[in-house]
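Colleague:
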Amino acid sequence: MSVTARIAPTRRGPASWPALLWTAPALCFYALFALFPLLVALYLSFTNWNGIAQAAWVGPANWLHFFSDPLTLHAVGLTIEMMILTWVLQTPLSLLLGVFMAGQQRYRAVLSVFYFLPLLFSTVAIGITWVSILDPNFGLINVTLRAVGLSSWARGWLGDPNLAFYVVAIVIAWQFIPFHSLLYMTGARQIPRELYDVAELDGAGRLRKFFSITLPQLKYTIITSSIFMLTGSLTYFDLIWVMTGGGPGYATRILPLHMYVTAFVNEQVGYGSVIALVLAASGIALSLLLLRVTGFLRMSSQLEGL
Amino acid sequence: MQQRRLSRRDFLQTTSAVSLAALLSGCFGVGGQSGGSSNSQSIVVWDISNGNDQKLIQDITAKFNQTHSSIHATVQFFQNDPYKQKLQVAMGAHQPPDIFFGWGGGILKSYIDAGDVYDLTPDLNADPAWRDRFLPSSLGAATFNNHIYGIPNDGVQPVVFLYNKDIFAKYKLSIPQTWGDLLALVKTVKQQGLQPIALGGASKWTYLMYEMYLVDRLGGPQVFDAIMANQPNAWSNPAIIKANTMIQDLVAAGAFGSGFASVSYDTGQASALLYTGKAAMHLMGTWDFGTITNDDPAFIQQGKLGWFPFPAVEGGVGDPSNLTGVPCNYYSVAKTSKAIQACVTYLKDAVLNDEAVDRRIALGEIPPVKGIENKLSNAPHSDWLLFVYRLVQKAAHFQLAWDQALPPQPAQALLTNLDQLFLRQISPQQFSANMNQTIGT
Numbered sequence: 020m021s022v023t024a025r026i027a028p029t030r031r032g033p034a035s036w037p038a039l040l041w042t043a044p045a046l047c048f049y050a051l052f053a054l055f056p057l058l059v060a061l062y063l064s065f066t067n068w069n070g071i072a073q074a075a076w077v078g079p080a081n082w083l084h085f086f087s088d089p090l091t092l093h094a095v096g097l098t099i100e101m102m103i104l105t106w107v108l109q110t111p112l113s114l115l116l117g118v119f120m121a122g123q124q125r126y127r128a129v130l131s132v133f134y135f136l137p138l139l140f141s142t143v144a145i146g147i148t149w150v151s152i153l154d155p156n157f158g159l160i161n162v163t164l165r166a167v168g169l170s171s172w173a174r175g176w177l178g179d180p181n182l183a184f185y186v187v188a189i190v191i192a193w194q195f196i197p198f199h200s201l202l203y204m205t206g207a208r209q210i211p212r213e214l215y216d217v218a219e220l221d222g223a224g225r226l227r228k229f230f231s232i233t234l235p236q237l238k239y240t241i242i243t244s245s246i247f248m249l250t251g252s253l254t255y256f257d258l259i260w261v262m263t264g265g266g267p268g269y270a271t272r273i274l275p276l277h278m279y280v281t282a283f284v285n286e287q288v289g290y291g292s293v294i295a296l297v298l299a300a301s302g303i304a305l306s307l308l309l310l311r312v313t314g315f316l317r318m319s320s321q322l323e324g325l
Numbered sequence: 021m022q023q024r025r026l027s028r029r030d031f032l033q034t035t036s037a038v039s040l041a042a043l044l045s046g047c048f049g050v051g052g053q054s055g056g057s058s059n060s061q062s063i064v065v066w067d068i069s070n071g072n073d074q075k076l077i078q079d080i081t082a083k084f085n086q087t088h089s090s091i092h093a094t095v096q097f098f099q100n101d102p103y104k105q106k107l108q109v110a111m112g113a114h115q116p117p118d119i120f121f122g123w124g125g126g127i128l129k130s131y132i133d134a135g136d137v138y139d140l141t142p143d144l145n146a147d148p149a150w151r152d153r154f155l156p157s158s159l160g161a162a163t164f165n166n167h168i169y170g171i172p173n174d175g176v177q178p179v180v181f182l183y184n185k186d187i188f189a190k191y192k193l194s195i196p197q198t199w200g201d202l203l204a205l206v207k208t209v210k211q212q213g214l215q216p217i218a219l220g221g222a223s224k225w226t227y228l229m230y231e232m233y234l235v236d237r238l239g240g241p242q243v244f245d246a247i248m249a250n251q252p253n254a255w256s257n258p259a260i261i262k263a264n265t266m267i268q269d270l271v272a273a274g275a276f277g278s279g280f281a282s283v284s285y286d287t288g289q290a291s292a293l294l295y296t297g298k299a300a301m302h303l304m305g306t307w308d309f310g311t312i313t314n315d316d317p318a319f320i321q322q323g324k325l326g327w328f329p330f331p332a333v334e335g336g337v338g339d340p341s342n343l344t345g346v347p348c349n350y351y352s353v354a355k356t357s358k359a360i361q362a363c364v365t366y367l368k369d370a371v372l373n374d375e376a377v378d379r380r381i382a383l384g385e386i387p388p389v390k391g392i393e394n395k396l397s398n399a400p401h402s403d404w405l406l407f408v409y410r411l412v413q414k415a416a417h418f419q420l421a422w423d424q425a426l427p428p429q430p431a432q433a434l435l436t437n438l439d440q441l442f443l444r445q446i447s448p449q450q451f452s453a454n455m456n457q458t459i460g461t
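So the sequence lines, in the order shown, correspond to chains A and B. Just so you know, we're using the working numbering here: the first sequence kicks off at 20 and counts up by one. Just so you know, we're using the working numbering here: the second sequence kicks off at 21 and counts up by one.
1) Taking 8 Å as the cut-off, does the stretch 60-76 of chain B touch the stretch 358-366 of chain B (at least 3 CB pairs, one atom from each stretch)?
2) Note the first and the last residue of the continuous alpha helix (DSSP H) segment covering Tyr215(A).
3) Measure the alpha-carbon distance for Asp316(B) versus Pro178(B) and round it to whole angstroms.
4) Going by other Cβ atoms of all chains shown within 10 Å of its Cβ, with 16 needed for buried, is Ser141(A) buried or exposed?
5) In chain B, which residues lie with their C-beta within 7 Å of the C-beta of Trp193(A)?
6) At a Cβ threshold of 8 Å, is Ile246(A) touching chain B?
7) Look at the Cβ atom of Thr226(B), then the Cβ atom of Tyr183(B), and state whether they are nearer than 8 Å.
8) Among the candidates Gln419(B), Leu435(B), Ile446(B), whose CA atom is the shortest distance from the CA of Gly160(B)?
9) Let me see if you follow: with CB-CB separation under 8 Å, is Pro117(B) close to chain A or not?
10) For my contact list, Val408(B) and Val176(B) are in at a C-beta cut-off of 8 Å; report their separation, rounded to the angstrom.
11) Taking only beta-carbon positions, decide if Phe157(A) is within less than 8 Å of chain B.
12) Which first and last residues belong to the alpha helix (DSSP H) in which Ser447(B) is found?
13) State the DSSP-derived secondary structure class of Thr226(B), mapped to helix, strand or coil.
14) What residue does the beta strand (DSSP E) around Leu159(A) start on, and which one ends it?
15) Have a look at the DSSP bridge pairing and note the partners of Ser352(B).
16) Taking Cβ positions only, does Arg165(A) come closer than 8 Å to chain B?
17) Do the stretch 281-301 of chain B and the stretch 137-157 of chain B touch if we need at least three Cβ pairs shorter than 8 Å?
18) Could you check whether the Cβ of Asp154(A) sits closer than 8 Å to any Cβ belonging to chain B?
19) Use the C-beta contact count for Asp118(B): other C-beta atoms within 10 angstroms, 16 or more gives buried, fewer gives exposed.
20) Given this structure, state the Cα-to-Cα distance separating Ala273(B) from His302(B), to the nearest angstrom.
21) To which residues of the same chain is Val283(B) closer than 7 Å at the C-beta, ignoring the five residues directly before and after it?
22) Just confirm the distance between the C-beta atoms of Phe120(B) and Ala354(B), as a whole number of angstroms; I'd bet it's less than 8 Å.
23) Which residue from Gly125(B), Gly200(B), Leu372(B) puts its Cα closest to that of Ile270(B)?
24) Give me the Cβ distance between Trp106(A) and Met248(A), rounded to the nearest whole Å; I'm assuming they're in contact under 8 Å.
25) Based on the DSSP output, what are the partners of Tyr183(B) in its beta bridges?
26) Mind checking the stretch 159-189 of chain A against chain B and listing, in chain order, the residues whose C-beta falls within less than 9 Å of any C-beta there?
27) Could one say the Cβ of Met248(B) lies closer than 8 Å to chain A's Cβ atoms, at least one of them?
28) Is Glu327(A) close to chain B? Criterion is C-beta to C-beta, closer than 8 Å.
29) When you compare the CB of Ala453(B) with every CB in chain A, is at least one pair closer than 8 Å?
30) Taking 8 Å as the threshold (C-beta atoms), are Gly291(A) and Thr281(A) in contact?
31) Keeping to the same chain, check which residues put their C-beta closer than 6 Å to that of Thr34(B); ignore five residues upstream and five downstream.
32) Give the straight-line distance between the Cα atoms of Lys185(B) and Ile217(B), rounded to the nearest whole angstrom.
33) For Phe85(A) and Phe230(A), what's the separation of their Cα atoms in angstroms?
34) Is the beta carbon of Thr98(A) less than 8 Å from the beta carbon of Ile273(A)?
35) If you drop the 5 nearest sequence neighbours on each side, which residues of the same chain put their C-beta closer than 7 Å to that of Gly46(B)?
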């Protein structure tokens, strides 16, 4: 006791500078690949630049344009819609799947392998596969529908501006539900068995146990998963780009796609930088907000009394 | 029409070719520095050809290097889409290769405006035999202010109607001479429960063919010239509004089926509609002949593929011989090159020389070179080759695809607005209003 008490203060002084030294490489990389590009983007957002010629300083014009450009506002609307839609589609399903997979029976492990498959494929491969499944003439879905006499249900799934957005959201959910199920599975496995044993003694049924024990105990998992989903929806790009390219028309052009098209296809790098910065700021703001609102930062225990 | 070179097979060919090229450059060193003698000038050529075309270029270049001891040319091959990025970056850094492959039009223009491209006009004028070797309509997309910045390096690829002869024979259909004939034909085919015309709308540039042809037939090339000249409200020209109304009528008549906006040309689905007999016609660039040859060779061997030019439009003032599509691809010389005269010599002696012309014809391509009818008529599929060659030869005007001719931002807006027009989400008037806003941006 007295020995540790004497050693501890002498370590405290010099301990801070090696700590800084050890983190220096990481800090350098962070500065080089995160902070520096962010500052360059900030500079570019005040210029007009086509990627080849000299960048021309235009002041706040691009920023003002952002708030009045109907295409951009449309993309912002779609992004919020996509954020809500993917949360609504993914959360209940991942939660149920995760809790189901947290059980102990052996067949669940086998089933889990199949649930996790979408997680193992590259996004581009998923996109290409779904595009051919959804093809209006030769695709599996329409061919099957026609074969069983439901020709009137056959659609140009990705070509219908009223449908494409939802079809894309479903494919995104298909891709990411396995990941969130995995989170919920781990979360559910952490719940002490004693809680359920006690509940059973009190005569609680399956539903009661789920709503009174599992769900409250998964609070922080739900928060973590939601942060991933909501901030992740700000980065959906590859799948939508492969499946619809943002079309038909502007039906699936969410903000990340709009940023890419603006900066790299339309060669308006300055205006594209504005969109990119707005996206980055929204992502940071969103996760901070979620952490604060949900009390996640206080890290209060869910297991008091155990 | 920028993505026409991408099909699954092309992709495989290209990846293998790229790895081969990487292997070769690894063995022999990049550029000619290591191989050439000290006083020879080395030039680097960037190209995106794959498969047989790539082999052709390598052979021609090897021969050129043998016969020109003072020049050593090296060709590096890239995939289509990465190439555009790579060239863009190289141009931005003012370190392009000596000679670069391009499509002419807006992209080339942006490099010219940045002062990065060498003007070939004096060299062409100094050698009239070289200048007059090419069909005049094929130089258009690389000509700006009467200065020529690119030399054709492969075949002409106008857009024509392809049709399924079996379907035409079965229902006793005849080739439409006018737009009215085509509408009647669409109605007849529709009644048989078939899709009249295949359309790969998911690729978006496929929409452009109807727009370009109808506007040209109705109002002539000057309608688009006015757009290129940034004239205010140029998109509100009555010819454009009329053309877009006709397009929406065609869609309403069920010409393209209901799912056209999710059919991709780039993955081969649209062409498949034609050769599987699900659709009767397809308006497409002549490169589709190669796509069908790859995907269903029997369809071509059994003579089931027919073709006709875009019909005349009643009451239009445009010349019905006018064509749209890809007049040609080009090689341009970078102004930063340290060996400009060596580059010009390469363009003159290696690119589309007699041997290259013969070999391209054997591959089913049609070089934009004068007086090659005899060669074409001795080649396989000569009826097809001569049809295309004569179309280009007698064309009063050959319009480069608008998405290539326009600067990038209006080009993208055009494709998206066409998407909405074909889906009847916007009216022809709204289309014009939306596009007018892009003028001068």
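Quick reminder that beta carbons are idealized off the backbone N, C-alpha and C, glycines included.
Modeller: On the basis of the coordinates in this document:
1) yes
2) 212-220
3) 22 Å
4) exposed
5) Going along chain B, no residue has its Cβ under 7 Å from Trp193(A), so there is no contact; the nearest lies around 18 Å.
6) no
7) no
8) Gln419(B)
9) no
10) 7 Å
11) yes
12) No alpha helix (DSSP H) contains Ser447(B), which DSSP labels as neither H nor E.
13) helix
14) Leu159(A) -> not in any beta strand (DSSP E); alpha helix (DSSP H) instead, spanning 159-166.
15) Phe120(B)
16) no
17) no
18) yes
19) buried
20) 16 Å
21) Leu219, Gly220, Gly221, Ala222, Gln289, Ala290
22) 7 Å
23) A small correction: the amino acid at residue 270(B) is Leu; Ile does not occupy that position in the sequence shown. The residue with the shortest Cα to Cα distance from Leu270(B) is Gly200(B).
24) 5 Å
25) Met301(B), Gly326(B)
26) Asn161, Ala173, Arg174, Gly175, Trp176, Leu177, Gly178, Asp179, Pro180, Ala183
27) no
28) Nothing can be reported for residue 327(A), as the shown portion of chain A is limited to 20 through 325.
29) no
30) yes
31) Model confidence at Thr34(B) stands at a pLDDT of 39, short of 50, so the residue's coordinates are unreliable; what they give is reported in the following sentence. If we look at Thr34(B) and ignore the five residues flanking it on each side, its Cβ neighbours are Asn70, Gln99.
32) 13 Å
33) 44 Å
34) yes
35) Because the pLDDT of Gly46(B) is 39, which lies under 50, any placement of that residue in the model is unreliable, and the question is left without a value.
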